[in-house]
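In numbering that gives the first Met the number 0, the protein residues as written are 0 to 282.
All C-beta atoms in this analysis are idealised placements derived from N, C-alpha and C, irrespective of residue type, glycine included.
Fair warning: this is a prediction, and the values are worked out from it, not measured in the lab.
Here is the structure we will look at.
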Amino acid sequence: MLNNIAIGSSATLDMQTRTLTRRQDGESVTLPASACLCLEALIRARGEVLSQEQLMDIGWRSAGVEVTENSVRVMINKLRRALNTLDLQDSVTLLAVTRSGYRLIVRESESNDTPLSTAAPVPAATQPEQVSVPKPTEPPTSREPEAPVIVAPVQERRRKWAPRVIAAIAGAIAGLAVAMTVHTLYIVQPEDVEFVPWHGPGIPAGAEVRVQKENQNQQAMIEATLETYKKHVLDKRPTEKPAKVLYVTIGSSRINKHLGLIACQQPFQGSNNDCESFYFRFY
0 MLNNIAIGSS ATLDMQTRTL TRRQDGESVT LPASACLCLE ALIRARGEVL SQEQLMDIGW
60 RSAGVEVTEN SVRVMINKLR RALNTLDLQD SVTLLAVTRS GYRLIVRESE SNDTPLSTAA
120 PVPAATQPEQ VSVPKPTEPP TSREPEAPVI VAPVQERRRK WAPRVIAAIA GAIAGLAVAM
180 TVHTLYIVQP EDVEFVPWHG PGIPAGAEVR VQKENQNQQA MIEATLETYK KHVLDKRPTE
240 KPAKVLYVTI GSSRINKHLG LIACQQPFQG SNNDCESFYF RFY
């Protein structure tokens, strides 16, 4: 009997078998272990709010398992589905209290409540109290405690969240400033490159060569690039149509041993240039 917990007059929870049973016809649903433990705690809380931290302690941490608040939400959804499966949603309701947690509301039908309250104290002297008092006072007593339970934690949580929000905003501003600094100092911005015609030895037959204007006097580097292109591209593709325009690119002074060549069928234009790019290291 110690394992069976009554949920009002409509259902029972068996902790040993983790079974939620509808009293009316005995239909039951088996709950996960964490959901069973949390439901037991909500029943024993008698309508009081249990925070997500409390539910995590009861359902998981007590067994040595660490979880997040998302696990609590999943568990609550499973309990709600179980109540819906047994058609108990009208008499047993799981309510989410904003920024506070969850509470279990158990509604007793009047047909069951009245005999239980009047069966033991039969004397007529109690009759006026039952007729005159419960009607006006029951609704306020069930609602009045909700105000401090729901509102007070919200105000308290707001005070706790205020520094976190301020810190998050400050962190975002600092991160943006760092990103802008890194972008300005380290990210290379593209620059316009002007190519000019180049005439010299080593130009493949039927092709014209263009080089960067600032590098047009680097004769040896240009010739080495053309020779490498001819040896490793043209000579190995004898059946392919050779490019008509060759753009030779030479790296800056820090990387001047790295050479590049863009081979196109026509001069650069907005699109459809039909080009291939090659990259060489000069030894």
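- Nearest to Gly46 by alpha-carbon distance, out of Val91, Ile172, Leu30, Ser27, is Val91.
- Within the segment 185 to 263, complete alpha helix (DSSP H) segments of at least 4 residues are found at 218 to 228, given in chain order.
- Counting C-beta pairs closer than 8 angstroms gives fewer than three between the segment 209 to 217 and the segment 162 to 181, which falls short of the contact rule.
- For Glu65, there is no enclosing alpha helix (DSSP H), as DSSP marks it with neither H nor E.
- Per DSSP, Asp13 is one residue of the beta strand (DSSP E) stretching across 10 to 13.
- The C-alpha of Arg22 is placed about 7 angstroms away from the C-alpha of Ser8.
- Annotation for Glu275: no alpha helix (DSSP H) segment contains it, though the beta strand (DSSP E) segment containing it runs 274 to 280.
- Listed in chain order, the non-local C-beta contacts of Leu94 below 7 angstroms within the same chain comprise Tyr101, Arg102, Ile104, local neighbours out to five positions each way being set aside.
- Under the three-state reduction of DSSP, Arg80 is assigned to helix.
- For Gly100, the enclosing beta strand (DSSP E) stretches over residues 100 to 105.
- In this structure, Tyr246 sits away from Phe279, with a CB-CB distance that is not shorter than 9 angstroms.
- Between the segment 220 to 235 and the segment 198 to 205 there are three or more inter-stretch CB-CB distances shorter than 8 angstroms, so the stretches are counted as touching.
- Contact check for Ala40 against Leu19 fails: the beta carbons are separated by 9 angstroms or more.
- Within a 10 Å sphere around the beta-carbon of Thr238 sit fewer than 16 other beta-carbons, which makes this residue exposed.
- Here Gly58 is actually not in contact with Ser99; their C-beta atoms are around 17 angstroms apart, not less than 8 angstroms.
- Within the same chain, Ala242, Leu245, Glu275 come within 6 angstroms of Ala262 by CB-CB distance, once the 5 residues on both sides are set aside.
- Under the DSSP definition of a beta bridge, Thr20 partners with Thr11, Ser27.
- Gln215 and Val195 do touch by the CB rule: their CB atoms are close to 6 angstroms apart, below 8 angstroms.
- For Leu38, the enclosing alpha helix (DSSP H) has its first and last residue at 32 to 43.
- Short of 6 angstroms from the beta carbon of Cys35, and not among the five residues preceding or following it, lie these beta carbons of its own chain, in chain order: Arg17.
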